[in-house]
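As structure tokens, the structure follows; a few thoughts come after it.
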């Protein structure tokens, strides 16, 4: 690979790392450059994934405090993302390159709709949950009230389980489980991770849309989770591709990966600090623009 090409990949990797930290889809910068250099699509995806893993590593370092604050809820999501990404990476090894032309535009449109209509979709999901709760009706046995909250005075002997001096005093027994453990969220992110392991580009937009809808939180507040999941996906996919390189002779352009990796690590770290300072409207606007650019590039 020519020195000029490596410099271009280094610069694109830096920019892509910063974009990945903020919204995802940084691969939309590096993948076209790799293919413009004459690298076949499948080889370009593998080369890019190995390099862009370091952008997600840098992003997670930048968001390490936010990730630590959420860690008790993240294990199911991380495991699901890892399994899904591994399946997606294996799928890339055996599927024709032409499949990318069909799958990618559809998923980008889905992600774009999720981001643009996040609030409406979140409201619809919550309304559906409320209707299901109403249909279930009151549950009286065991001292449970019609609102679904256990009456502390209904414990054996009429003693309050939340009284002063009682074991577990101060514990909030009526707290709802974290939306990060919702089966619908975990299942949706698992499907998105199959795509992430298969192609990687625009996966961040897809994750932000899903996380925003099922948690009802702002894009900025779930960005740290998106970066951790992207790390799990890219690591899993990169591991599959590296093993395939040694076992199946699946080609990877290592110099290209190295140039992207160096830039992506720096861009991901500093991009994370920049993303934390972005207002919600700007972050959402950037996501929409990036997704539209991705869609145009895939269709044309």
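Residue numbers (UniProt numbering): 1 to 300. Even glycine gets a Cβ: it sits at the ideal position worked out from N, Cα and C. Just so we're clear, the structure is a prediction, and the values are computed from it rather than from any experiment.
| Item | Value |
| --- | --- |
| Buried versus exposed, by CB contacts within 10 Å (16 or more), residue 66 | buried |
| Burial state of residue 72 (16 or more Cβ within 10 Å) | exposed |
| Status (buried if at least 16 other CB within 10 Å, exposed otherwise) for residue 20 | buried |
| Supposed contact pair residue 17 and residue 237 - C-beta distance, whole angstroms, cut 8 Å | No, residue 237 and residue 17 are not in contact; Cβ-Cβ is about 17 Å, not under 8 Å. |
| Three-way DSSP call (helix, strand, coil) for residue 177 in this model | coil |
| Top-ranked residue by Cα proximity to residue 250, from 61, 93 and 76 | 93 |
| Cβ contact (3+ pairs, closer than 8 Å) linking the stretch 198–214 and the stretch 226–246 | yes |
| Length of the line joining the Cα atoms of residue 105 and residue 273 | 30 Å |
| Identity of the residue in 96, 187 and 269 nearest residue 53 by Cα | 269 |
| Beta-carbon proximity list for residue 301, same chain, < 7 Å, skipping 5 on both sides | An answer regarding residue 301 cannot be provided, because it is not within the stretch 1 to 300 covered by the chain. |
| C-beta contact flag for residue 46 and residue 241 at 8 Å | yes |
| C-beta atoms of residue 275 and residue 13 nearer than 8 Å | no |
| Residue burial classification, residue 243 (beta-carbon count within 10 angstroms, cutoff 16) | exposed |
| Proximity to residue 186 [Cα-Cα], best of 279, 76 and 24 | 76 |
| CA-to-CA distance, residue 63 to residue 48, given in whole angstroms | 23 Å |
| Outcome for residue 85 when other beta-carbon atoms lying within 10 angstroms are tallied against a minimum of 16 | buried |
| Rounded distance between the beta-carbons of residue 260 and residue 30, thought under 8 Å | 6 Å |
| Residue 199 in three-state terms, based on DSSP | coil |
| Straight-line gap, residue 196 to residue 285 (C-alpha atoms, nearest Å) | 22 Å |
| Alpha-carbon spacing of residue 1 relative to residue 288, whole angstroms | 34 Å |
| Between the CA atoms of residue 96 and residue 188 - distance to the nearest angstrom | 25 Å |
| Residue 246 burial status per 10 Å Cβ neighbour count (16 or more: buried) | exposed |
| Under the three-state DSSP convention, the category residue 207 falls into | helix |
| Assigned secondary structure, residue 217 (DSSP; H/G/I helix, E/B strand, else coil) | coil |
| Selected residue, minimal CA-CA separation from residue 271, among 182, 15 and 235 | 15 |
| Residue 178, buried or exposed, once every other Cβ within 10 Å from all chains shown has been counted against 16 | exposed |
| Rounded C-alpha distance that separates residue 32 from residue 194 | 22 Å |
| 7 Å Cβ shell around residue 56 - same chain, five flanking residues per side excluded | 20, 227, 230, 231, 234 and 268 |
| C-beta neighbour in chain D for residue 238, strict 8 Å | Although the question refers to chain D, the structure presented lacks it and comprises just one protein chain. |
| Distance between residue 180 and residue 217 (C-alpha atoms, nearest Å) | 11 Å |
| Beta strand (DSSP E) runs contained entirely in the stretch 22–82, provided each spans 3 or more residues | none |
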